[in-house]
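Novice: Residue numbers (my numbering), protein chains in the order written: chain A, 4 to 128; chain B, 191 to 521; chain C, 185 to 438.
Heads up, the beta-carbon is just placed ideally off N, CA and C, and yes, glycines get one too.
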Amino acid sequence: MASLDPRIRRAEPALWNVELPPLPPLDQWQTYEVFVVRTRGSHAQHVGSLHAPDPELALVLAKEQYARRSTCVALWVVPTEAIHRTAPNDEDLFQPATDKSYREPQGYLTTRERLEKYRHRLQSC
Amino acid sequence: MYGNLVLRPEEIPNWGKKIEEEDPEKLAEFEARIARGEKIEPWDWMPFEYRRQLIRMIEQHAHSEIIGALPEGTWITRAPNFRRKLALMAKVQDEVGHAQLLYSAAETLGKSREAMINDLLSGKSKYSNIFNYPAKTWADTAIIAWLVDAGAIINQTTNSKGSYGPYVRALERICWEESFHLKYGYDSVVYLATGTPKQRAMLQDALNRWWRPIMHFFGPPDTQSVHTEKLVRWKVKLATNDEMRQQFLDMYVPKIWELGLTVPDPLLHKDPETGRWVYSDPNWEEFWQVINGNGPCNAERLAVRRFAEANGRWVREALKAPQARYVTPLA
Amino acid sequence: MLETLEILLLSLADDDLILGHRHAEWIGLGPILEEDIAFASIGQDEVGHAQAYYQLLTDLGLPTPDEYAFKRPAERFRCAHLVELPNTDYDYAQALMRHFLYDAAEQVRLQALRQSRYEPLAGLAERLLREEKYHWLHARTWVEKLGHSTQEAHLRLKSAYHFLWPYAWLLFEELPQEAAMVEAGWMPPNLELRSRWLELITPILEGIGFDVTPPASEALLPLQGARHGLRSPHFEALLAEMTEVSASEPEAEW
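Below is the structure:
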């Protein structure tokens, strides 16, 4: 069946039947992680990854893949290999073993009660 | 206590293991996490079978996007006015963007983009059958953008409730962008349906030709496609093919009829007792034929992809950094 | 004066429309997914810019953007031949080099048009420059990176540059009734724009080892007349393809 694709008519027919040796490793370049700053004053937020040969092109390419619809004021790119994370089995690092309410505002909910009790005592004297 | 993420098959200790060979304690922990509704992330332990199934599924999905850009891409230069031309450019661009997101999600599981492209071009990996049919007229693009994208949204919305974090995050963005495709497609269809007799005829003809591939879109009937209980428990498979097909028919057949179009299946009706749609056999033999490479456009689609990869090779080679090191993206 | 204004705006609009159309031929076939997406945006912007220029004419009671783009005979187009050139064999070096030479010209043109005494045009130029900033960043980054990479890339860019150079030069061919446009303060003369364009691109091209000298007049001679309606041999097929659907049912809405 003849192609319906006008694009196919634009190249020499031989080109559409090229032999292609397998893509070698890193043919698609290394990866970068992309962060967007949505509004002035907000933190950068991780939105995904991107293949690019260097940071300049990573920014140029990230702009259309990660910011073509959403509003944002800045983009950051970081080589994926520069990102270090805590180990997967270390989620428990973040779970306190003892009551740490002394360093949370919710740890001070009874102050008022204390004061009320004192007043009560004064009145009853 | 810390490190960056480098996932290569040789560095994944349980690569290639059968499910019964996995560490039972880790497996139980993994399943408990999914049962609690938590997501699995690339750095978590996972059974190899889960990894394998997800790579296969996400990779196929990515290939479907990049191949799916071809039939509609054919019509960009022929779109009949500014609004359609711009929208179709944006839509096909989105498909390429979805492929980018999905390849990244699959990469997090330990298969490089190069390896996936190689498997696509060699015919080893599959993609959605529907893109092996030709887009013959402008009305085909309208039907694809409306009904094929509708099918894709049902499929993707279902999968977005899955357990694998990077895939779910990619799908959330994809579904959001696809909702523009669906609106654009429906708008195009309505213009044709309410247009001149020639336009209506063109639309009906497109629907006639696309109906069968659309019925095939959700995959073979449940009686022929046994998905193990395990994939359901792991939240890899969230609905059966027939459930998704029924959902599609429920949502779209009334809309098709509302436009005064005929669905080319005289048997098609909703059984008032079971509440399920009844339809003729959409020729599953043809489905298997196309999957195995014998559809009307299989060879052309792969040739075009091979051309694009070969043609862009000098660009990629020119900028390849000699000191670059592959690290699995975080997606 | 309306006729003069139409000549100016059609030249600007037709350049953008036809180049955007050519860029769109690349969607889905780019050298890597990320670049495919970026280049598709640039193509969309160009088509959108064309629409906005035609709209300035529509606002004056002239045809609509769709009528200008899809219902106009070939000889009434005023685009430069540079934008009509086909993507023969899909050579990305040529696509990038055309994009570079063209978007440098857009920078210069739009910067000048911001000062136009035809206010709707000045306002539009101001808005379009926002998107053009990205085009220029994209073009310059790619040309500089590839220009300093492998021998193959350098050679490909160079041969694209040599092929495109006379066409690009003629982006600044004098417009019909240009004296009246300059007199009205709508735009500076094209000769002046061309020298600003050369100032912008020369350091970049020389930086990657390309000579920048005016094309020989015998190279230019056969390519002249585009702004007067003389179309290149590639245009007829392009227009036939672009209008295939709209012409198949001329009275229909799509």
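(1) According to the Cβ coordinates, are residue 96 of chain A and residue 308 of chain B closer than 7 Å?
(2) Evaluate residue 125 of chain A with the Cβ neighbour count: other Cβ atoms within 10 Å of its Cβ, from every protein chain shown; 16 or more gives buried, anything less gives exposed.
(3) So what does DSSP say about residue 191 of chain B, is it helix, strand or coil?
(4) Can you confirm whether residue 343 of chain C, when its beta carbon is compared against all beta carbons of chain B, has any partner nearer than 7 Å?
(5) Provide the residue(s) that pair with residue 389 of chain B in DSSP beta bridges, ordered along the chain.
(6) Using DSSP bridges, identify the partner residues of residue 298 of chain B.
(7) Starting from residue 220 of chain B, find everything on chain A with Cβ-Cβ shorter than 9 Å and list it in chain order.
(8) Whose Cβ in chain C lies nearer than 8 Å to the Cβ of residue 59 of chain A?
(9) If the cut-off is 7 Å on Cβ atoms, which residues from the stretch 227–249 of chain C count as contacting chain B, listed in chain order?
(10) Which runs of the alpha helix (DSSP H) at least 4 residues long sit entirely within the stretch 258–340 of chain B? Give them in chain order.
(11) Would you tell me roughly how many angstroms separate the C-alpha atoms of residue 252 of chain C and residue 235 of chain C, rounded to the nearest one?
(12) Assess contact between the stretch 307–321 of chain B and the stretch 273–287 of chain B, defined as three or more Cβ pairs (one per stretch) separated by less than 8 Å. Is contact present?
(13) Name the residues in the stretch 11–30 of chain A whose C-beta lies less than 8 Å from a C-beta of chain C; which are they?
(14) With 7 Å as the threshold, decide whether the Cβ of residue 116 of chain A is near any Cβ in chain B.
(15) Along the stretch 255–274 of chain B, where does the CB come closer than 8 Å to a CB of chain A? Name the residues.
(16) Provide the residue(s) that pair with residue 82 of chain A in DSSP beta bridges, ordered along the chain.
(17) Interface residues of chain A around residue 318 of chain C at Cβ under 7 Å?
(18) How far does the beta strand (DSSP E) with residue 53 of chain A in it reach, from first residue to last?
(19) Closest by CA to residue 273 of chain B, which one among C:342, C:232, C:388?
(20) CA-CA distance, residue 242 of chain C and residue 194 of chain C?
(21) Three-state secondary structure (DSSP) at residue 468 of chain B?
(22) Hey, is residue 467 of chain B's beta-carbon within less than 7 Å of any beta-carbon in chain A?
(23) Got a sec: is the Cβ-Cβ distance from residue 71 of chain A to anything in chain C below 7 Å?
(24) Identify the contact partners of residue 273 of chain C in chain A, using a Cβ-Cβ distance below 8 Å as the criterion.
(25) Anyone know if the C-beta pair for residue 198 of chain C and residue 263 of chain C falls short of 7 Å?
(26) Between residue 298 of chain C and residue 315 of chain C, how many whole angstroms is the CB-CB distance? I'm expecting something under 8 Å.
(27) State the Cα-Cα distance for the pair residue 188 of chain C and residue 318 of chain C, rounded to the nearest angstrom.
(28) For residue 104 of chain A, count the other beta carbons within 10 Å of its own beta carbon; 16 or more makes it buried, fewer makes it exposed. Which is it?
(29) Identify whether residue 302 of chain C lies in helix, strand or coil by the three-state DSSP scheme.
(30) Just to check my reading of the structure: residue 413 of chain C and residue 260 of chain C have Cβ atoms closer than 8 Å, yes? What is that Cβ distance to the nearest angstrom?
(31) So residue 230 of chain B and residue 355 of chain B are supposed to be a Cβ contact under 8 Å. How far apart are they, rounded?
(32) With a Cβ-Cβ cutoff of 7 Å, do residue 296 of chain B and residue 249 of chain B count as a contact?
(33) Could you give the distance in angstroms between the alpha-carbon of residue 304 of chain B and the alpha-carbon of residue 33 of chain A?
(34) What three-state label does DSSP hand residue 40 of chain A in the structure shown?
Specialist: Reading from the atomic positions:
(1) The beta carbons of residue 96 of chain A and residue 308 of chain B sit no closer together than 7 Å.
(2) Result: exposed.
(3) With a pLDDT of only 43 at residue 191 of chain B, under the threshold of 50, the placement of this residue in the model should not be trusted; the figure read from the coordinates follows. Residue 191 of chain B sits in coil when the DSSP states are folded into three classes, being neither helix nor strand.
(4) Using a CB distance cut-off of 7 Å, residue 343 of chain C does not count as an interface residue toward chain B.
(5) Residue 389 of chain B is not bridged to any residue.
(6) DSSP lists no partner for residue 298 of chain B.
(7) In chain order: nothing, as chain A lies at least about 12 Å away.
(8) Contact annotation for residue 59 of chain A against chain C: 325, 329 [CB-CB distance below 8 Å, chain order].
(9) Under the 7 Å Cβ criterion, the stretch 227–249 of chain C contributes 227, 228, 231, 232, 235, 249.
(10) The stretch 258–340 of chain B contains these whole alpha helix (DSSP H) runs: 272–297, 303–311, 328–333.
(11) Looking at the two C-alpha atoms, the distance is approximately 9 Å.
(12) Taking 8 Å as the limit for Cβ pairs, the verdict is that the stretch 273–287 of chain B does not touch the stretch 307–321 of chain B.
(13) Of all residues in the stretch 11–30 of chain A, 13, 14, 15, 18 have a Cβ within less than 8 Å of some Cβ in chain C.
(14) So, not an interface residue.
(15) In summary, the residues of the stretch 255–274 of chain B whose CB is separated from some CB of chain A by less than 8 Å are 260, 263, 264, 267, 268, in the order they occur in the chain.
(16) DSSP links residue 82 of chain A through a beta bridge to A:35.
(17) For a Cβ distance threshold of 7 Å, residue set 66 of chain A lies close to residue 318 of chain C, ordered along the chain.
(18) In the DSSP annotation of this structure, the continuous segment of the beta strand (DSSP E) that includes residue 53 of chain A starts and ends at 47–55.
(19) Distances from the CA of residue 273 of chain B to each of C:342, C:232, C:388 were compared; the closest alpha carbon is that of C:232.
(20) Looking at the two C-alpha atoms, the distance is approximately 12 Å.
(21) In this structure, residue 468 of chain B counts as strand in the three-state DSSP scheme.
(22) False, the Cβ-Cβ gap to chain A never drops below 7 Å.
(23) Chain C places a beta carbon closer than 7 Å to that of residue 71 of chain A, counting this residue as a contact.
(24) Against chain A, the beta carbon of residue 273 of chain C has neighbours under 8 Å at 13, 14, 15, 18, listed in chain order.
(25) Cβ atoms of residue 198 of chain C and residue 263 of chain C: closer than 7 Å.
(26) So it is not a contact: roughly 14 Å between Cβ atoms.
(27) A straight-line Cα-Cα distance of about 31 Å links residue 188 of chain C and residue 318 of chain C.
(28) Counting the other Cβ atoms within 10 Å of the Cβ of residue 104 of chain A gives fewer than 16, which makes it exposed.
(29) Under the three-state reduction of DSSP output, residue 302 of chain C falls in the coil class, being neither helix nor strand.
(30) At roughly 6 Å, the Cβ-Cβ gap stays under 8 Å, so residue 413 of chain C and residue 260 of chain C are in contact.
(31) Contact between residue 230 of chain B and residue 355 of chain B holds, with the beta-carbon distance rounding to 6 Å and staying under 8 Å.
(32) Inclusion of residue 296 of chain B and residue 249 of chain B in the CB contact set at 7 Å is warranted, their separation being smaller than that value.
(33) If you take the alpha carbons of residue 304 of chain B and residue 33 of chain A, they lie about 11 Å apart.
(34) Here residue 40 of chain A sits in strand by DSSP.
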